[in-house]
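Asker: To start, I am sharing the structure in question, which I have written as structure tokens.
2 protein chains.
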Amino acid sequence: MIMDDRKKRILQAIIDDYIDKAEPIGSRTIARKYELGLSSATIRNEMADLEEMGYLAQPHTSAGRVPSDKGYRLYVDKLMPARDLNHEEIRELKSATETRVYELSQLLKQATAVLSGFTKYTSMAVTPRMRNSTIKAIQIVPIEPGKALVIVVNNAGIVKNSLIKFAEQANSEMLGRITNLLNDKLAGLTFEQADIEQIKTLGREIGVSGEILAPILEGTADCIYQMGDHEMYVEGSTNILNHPEYKDMDKARQFLSMLDEKTSICRALSGSAQPFGITVRIGSENDLSSIRDCSLVTVSYNVSDTMAGTIGIIGPTRMEYSKVISSIRYMKKLVSDEIDRLLGREPDSV
Amino acid sequence: MIMDDRKKRILQAIIDDYIDKAEPIGSRTIARKYELGLSSATIRNEMADLEEMGYLAQPHTSAGRVPSDKGYRLYVDKLMPARDLNHEEIRELKSATETRVYELSQLLKQATAVLSGFTKYTSMAVTPRMRNSTIKAIQIVPIEPGKALVIVVNNAGIVKNSLIKFAEQANSEMLGRITNLLNDKLAGLTFEQADIEQIKTLGREIGVSGEILAPILEGTADCIYQMGDHEMYVEGSTNILNHPEYKDMDKARQFLSMLDEKTSICRALSGSAQPFGITVRIGSENDLSSIRDCSLVTVSYNVSDTMAGTIGIIGPTRMEYSKVISSIRYMKKLVSDEIDRLLGREPDSV
DNA sequence: TGTTAGCACTCTGTGTTGGCGAGTGCTAAT
DNA sequence: ATTAGCACTCGCCAACACAGAGTGCTAACA
Numbered sequence: 001m002i003m004d005d006r007k008k009r010i011l012q013a014i015i016d017d018y019i020d021k022a023e024p025i026g027s028r029t030i031a032r033k034y035e036l037g038l039s040s041a042t043i044r045n046e047m048a049d050l051e052e053m054g055y056l057a058q059p060h061t062s063a064g065r066v067p068s069d070k071g072y073r074l075y076v077d078k079l080m081p082a083r084d085l086n087h088e089e090i091r092e093l094k095s096a097t098e099t100r101v102y103e104l105s106q107l108l109k110q111a112t113a114v115l116s117g118f119t120k121y122t123s124m125a126v127t128p129r130m131r132n133s134t135i136k137a138i139q140i141v142p143i144e145p146g147k148a149l150v151i152v153v154n155n156a157g158i159v160k161n162s163l164i165k166f167a168e169q170a171n172s173e174m175l176g177r178i179t180n181l182l183n184d185k186l187a188g189l190t191f192e193q194a195d196i197e198q199i200k201t202l203g204r205e206i207g208v209s210g211e212i213l214a215p216i217l218e219g220t221a222d223c224i225y226q227m228g229d230h231e232m233y234v235e236g237s238t239n240i241l242n243h244p245e246y247k248d249m250d251k252a253r254q255f256l257s258m259l260d261e262k263t264s265i266c267r268a269l270s271g272s273a274q275p276f277g278i279t280v281r282i283g284s285e286n287d288l289s290s291i292r293d294c295s296l297v298t299v300s301y302n303v304s305d306t307m308a309g310t311i312g313i314i315g316p317t318r319m320e321y322s323k324v325i326s327s328i329r330y331m332k333k334l335v336s337d338e339i340d341r342l343l344g345r346e347p348d349s350v
Numbered sequence: 351m352i353m354d355d356r357k358k359r360i361l362q363a364i365i366d367d368y369i370d371k372a373e374p375i376g377s378r379t380i381a382r383k384y385e386l387g388l389s390s391a392t393i394r395n396e397m398a399d400l401e402e403m404g405y406l407a408q409p410h411t412s413a414g415r416v417p418s419d420k421g422y423r424l425y426v427d428k429l430m431p432a433r434d435l436n437h438e439e440i441r442e443l444k445s446a447t448e449t450r451v452y453e454l455s456q457l458l459k460q461a462t463a464v465l466s467g468f469t470k471y472t473s474m475a476v477t478p479r480m481r482n483s484t485i486k487a488i489q490i491v492p493i494e495p496g497k498a499l500v501i502v503v504n505n506a507g508i509v510k511n512s513l514i515k516f517a518e519q520a521n522s523e524m525l526g527r528i529t530n531l532l533n534d535k536l537a538g539l540t541f542e543q544a545d546i547e548q549i550k551t552l553g554r555e556i557g558v559s560g561e562i563l564a565p566i567l568e569g570t571a572d573c574i575y576q577m578g579d580h581e582m583y584v585e586g587s588t589n590i591l592n593h594p595e596y597k598d599m600d601k602a603r604q605f606l607s608m609l610d611e612k613t614s615i616c617r618a619l620s621g622s623a624q625p626f627g628i629t630v631r632i633g634s635e636n637d638l639s640s641i642r643d644c645s646l647v648t649v650s651y652n653v654s655d656t657m658a659g660t661i662g663i664i665g666p667t668r669m670e671y672s673k674v675i676s677s678i679r680y681m682k683k684l685v686s687d688e689i690d691r692l693l694g695r696e697p698d699s700v
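As they're listed, the protein sequences go chains A and B. Using this note's numbering, the first residue of the first sequence is number 1, and each one after it goes up by one. Using this note's numbering, the first residue of the second sequence is number 351, and each one after it goes up by one.
This is how it looks when you write it as structure tokens:
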């Protein structure tokens with residue numbers, strides 16, 4: 001059987017309608033509502049063909065048709081109407097980067113909040129995994145007697161800090177010596193590559209007690225750990241409850257507990273990462289079995305040339321793909337520009 | 351009508367049973383299950399009395415009885431069986447403070463996660479509101495050319511920092527002068543009391559351009575803002591879906607969207623704060639109308655002598671009060687000890 | 001040969017009905 | 001004061017009928 005233009009038009013009409021109404025569509029409805037110049041009987045025949053080809057499914061005999069994952073796939077790839085954001089919508093999305101942020105985490109929180117509010121689906125984001133980032137600089141700042149802040153900057157310009165406590169007094173001259181030692185020995189390395197024993201030995205040689213050095217190394221490790229850890233933001237998780245496919249309590253609970261599990265979201269988001277452009281995973285295309293009846297639209301953003309995080313929108317497979325895709329595309333641009341600003345590069349210089 | 355001992359025993363039996371079963375209790379059930387030495391008819395009469403007195407309610411004629419808010423109140427105040435945590439349970443709660451934390455936020459995240467897992471209700475926590483904390487010290491640390499970290503310590507020993515960017519070069523000698531100026535002028539004050547214009551003038555006098563000073567002041571303000579802001583953690587929000595009173599979708603949605611609103615939770619938690627001990631707000635005792643059919647158990651923890659945050663557990667009014675109360679009491683102790691450790695005072699010295 | 005009108009058939013959702021069971025309140029006996 | 005007995009109430013559930021939407025097939029038509 002061949003997929004001619006008429007079939008495509010009919011399929012598009014069915015999916016458009018289903019995305020809007022969430023109810024199986026009958027041939028009569030299509031014939032009446034969309035001006036295809038065809039009778040319901042003809043459409044009926046075509047629908048039977050489309051079902052045979054796997055683009056449509058029938059919940060039961062004598063019900064209307066519903067798009068299958070394969071149908072959505074064709075829709076997203078070829079049939080979907082282009083959707084340009086109007087001024088009003090652009091203004092709404094832009095609000096995500098209007099209040100000035102100081103940190104990536106804040107930026108992502110606002111971006112996901114705006115995206116979920118705008119699309120009425122659930123929005124998520126993860127920070128880049130910087131497992132193999134290298135240490136650029138370390139600073140130790142005394143805060144008050146017995147307390148200091150260890151500050152680590154990595155090669156992406158990300159700054160993390162950790163508050164440490166000394167059991168005994170450490171004067172600033174000694175902290176200076178330790179700072180130099182650490183920068184000498186750690187700069188350019190990942191923390192895994194660092195030889196902690198060597199540093200302890202060298203520390204003793206320049207007269208630094210283990211009591212002082214240990215918490216500093218621990219604080220450094222904590223900073224590195226913070227950098228290596230995914231941070232994750234989810235907004236609008238309850239939006240899913242507004243969609244009729246989740247009126248069933250058990251399905252809703254399953255979805256929400258999936259969102260509570262940090263690891264599953266990370267897997268879902270990172271798994272579908274693609275260097276550029278937008279990825280759409282429809283239903284069974286998702287690796288994660290618990291979201292087999294959801295669609296996940298993701299895009300990755302760059303923090304430095306080597307590290308990328310991901311933003312995603314998840315909703316029922318019956319999703320307003322065109323709206324979701326255009327809004328996530330625009331949000332990626334907003335976030336990328338803002339990151340460039342945060343990290344000190346001007347957007348136009350990139 | 352007088353509330354004699356027998357009535358109390360019956361009321362307790364009804365509430366115990368209802369907490370367990372979530373279904374209206376009939377007189378026959380009580381007579382059979384609890385050995386009160388009374389026939390169902392007698393209990394029936396007593397139940398009618400208890401309803402008239404407002405401790406019980408009847409969903410409809412010929413249904414069993416259900417405790418009212420007033421009934422729960424008496425139960426919590428007088429009838430509730432004491433509940434001691436066993437070793438296993440203590441071990442589970444203790445796991446909240448076993449992985450070493452560096453920050454209050456981490457500590458609260460773990461505490462709420464463990465509490466919600468243990469009780470199967472929703473657990474929340476807010477950090478203290480430090481609106482009127484005063485500035486103890488400010489440091490400016492150059493990170494790389496054009497970037498620096500502003501660090502502010504307040505009188506409670508809480509450290510916040512903010513990454514800033516300079517439009518022009520700032521040498522470390524100049525940053526030192528600014529640091530001294532800021533400490534001179536701001537130490538001991540709240541940020542509202544600070545005279546920013548005066549600082550700008552003084553800055554110009556010692557040869558610091560506005561281009562340099564402005565981001566520093568902005569970074570300082572950001573730190574103060576972070577301190578003044580409530581941070582809030584919610585864990586186990588989907589636990590509510592496991593309780594039959596929330597099998598109705600709309601109620602569940604309402605509950606979950608309440609949790610999404612930061613402000614409402616803050617209001618709920620802070621509103622019920624009481625300097626010491628545990629507060630139980632049952633159903634209509636809550637100010638917030640959206641949780642009129644929930645009970646909220648809160649306890650506050652001290653960060654310094656003047657500042658306190660709150661931990662809470664929220665669930666249906668049909669809640670295992672004794673378990674919730676004993677576990678939140680124990681968690682308060684764990685969190686308090688851990689905060690003392692974090693802020694450098696040893697638990698035993700307090 | 002593709003399109004359409006007509007028709008019998010299928011299946012779900014909804015409203016109705018009737019019996020069952022749990023529980024109550026009241027009365028009279030203990 | 002307590003209890004046995006009884007009539008009554010009301011929600012729950014299964015059975016049933018039925019309307020409505022939609023299908024597939026056949027035959028007629030352009």
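Idealized CB from N, CA, C, for every residue including glycine.
1. Could you list which residues in chain A have their beta carbon closer than 8 Å to that of B/K612, in chain order?
2. State the Cα-Cα distance for the pair B/S390 and B/S377, rounded to the nearest angstrom.
3. Should the region 477–496 of chain B be regarded as contacting the region 639–658 of chain B, the criterion being three or more beta carbon pairs within less than 8 Å?
4. Helix, strand or coil: which one does DSSP assign to B/R679?
5. Whole angstroms is fine: what's the gap from A/E89's alpha carbon to B/A413's?
6. Measuring only the C-alpha atoms, how far is A/E218 from B/R642?
7. Distance check for B/I380 and B/M397, CA to CA, integer angstroms please.
8. Starting from B/A475, follow the beta strand (DSSP E) in both directions and report where the run begins and ends.
9. Sorted by chain position, which residues of the same chain lie with C-beta nearer than 7 Å to B/I375's C-beta, five sequence neighbours on each side aside?
10. Under 7 Å Cβ to Cβ from A/C266, same chain only, skipping five residues before and after it: list those, please.
11. How would you list, in chain order, the residues of chain A whose beta-carbon sits under 8 Å from the beta-carbon of B/T588?
12. Taking the alpha helix (DSSP H) that A/N45 belongs to, which residues open and close that run?
13. Rounded to whole angstroms, what is the Cα-Cα separation between B/R356 and B/S473?
14. Compute the minimum distance between the beta carbon of A/G188 and the heavy atoms of the ligand NAP, and state whether it is under 7 Å.
15. Are B/V509 and A/I143 closer than 8 Å when you measure CB to CB?
16. Tell me which residues of the region 444–478 of chain B have at least one Cβ-Cβ distance to chain A shorter than 7 Å, keeping chain order.
17. So is A/P215 buried or exposed if we call it buried at 16+ other beta carbons inside 10 Å?
18. Tell me the residue span of the alpha helix (DSSP H) that contains A/L93.
19. Buried or exposed: B/V685, going by 16 or more other Cβ atoms within 10 Å of its Cβ?
20. Among A/S162, A/A156, A/A167 and A/I140, which residue has its Cα nearest to the Cα of A/G146?
21. May I ask you to verify whether the region 95–109 of chain A touches the region 322–342 of chain A, counting CB pairs closer than 8 Å and requiring at least 3?
22. Please state the DSSP three-state secondary structure of A/R204.
23. Taking beta-carbon pairs under 7 Å, can you tell me which members of the region 511–540 of chain B lie near chain A?
24. Helix, strand or coil: how does DSSP classify B/R415 here?
25. Name the residue from A/Q226, A/A170, A/K185 and A/E235 whose alpha carbon lies nearest to the alpha carbon of A/G207.
26. Look at the Cβ atom of A/I278, then the Cβ atom of A/L296, and state whether they are nearer than 8 Å.
27. Within the 8 Å Cβ cut-off, does A/L288 reach chain B?
28. Taking 8 Å as the CB-CB cut-off, is B/A506 touching chain A?
29. Going by C-alpha distance, which of B/D572, B/V674, B/I488 and B/S512 is nearest B/L531?
30. Less than 8 Å separating the beta-carbons of A/Y121 and A/G236?
31. What's the call for B/A461, buried or exposed, on a 16-neighbour Cβ count within 10 Å?
32. Here's a check: name, in chain order, each residue in its chain whose Cβ is nearer than 8 Å to the Cβ of A/M371, leaving out the five neighbours to either side.
33. Answer yes or no: does any C-beta atom of chain B fall closer than 8 Å to that of A/I30?
34. Are the C-beta of A/D340 and some C-beta of chain B separated by less than 8 Å?
35. Quick one: is B/A372 buried, meaning 16 or more other Cβ sit within 10 Å of its Cβ, or exposed?
36. Here's the rule: buried if 16 or more other CB atoms are within 10 angstroms of the residue's CB, otherwise exposed. What is B/A432?
Answerer: Taking the coordinates as given:
1. Per Cβ cutoff of 8 Å: no residues; B/K612 is ~11 Å from chain A at best.
2. 5 Å
3. yes
4. helix
5. 53 Å
6. 47 Å
7. 10 Å
8. T472 to V476
9. I364, D367, Y368, G414 and R415
10. V126, H230 and M232
11. R253, L256, S257 and D260
12. S40 to M53
13. 36 Å
14. The ligand NAP is not part of this structure, which contains no ligands at all.
15. yes
16. Y452
17. buried
18. H87 to K94
19. buried
20. A/A167
21. yes
22. helix
23. N511, S512, L513 and K515
24. strand
25. A/A170
26. no
27. no
28. no
29. B/I488
30. yes
31. buried
32. No answer is possible for residue 371 of chain A: the residues shown for chain A start at 1 and end at 350.
33. no
34. no
35. exposed
36. exposed
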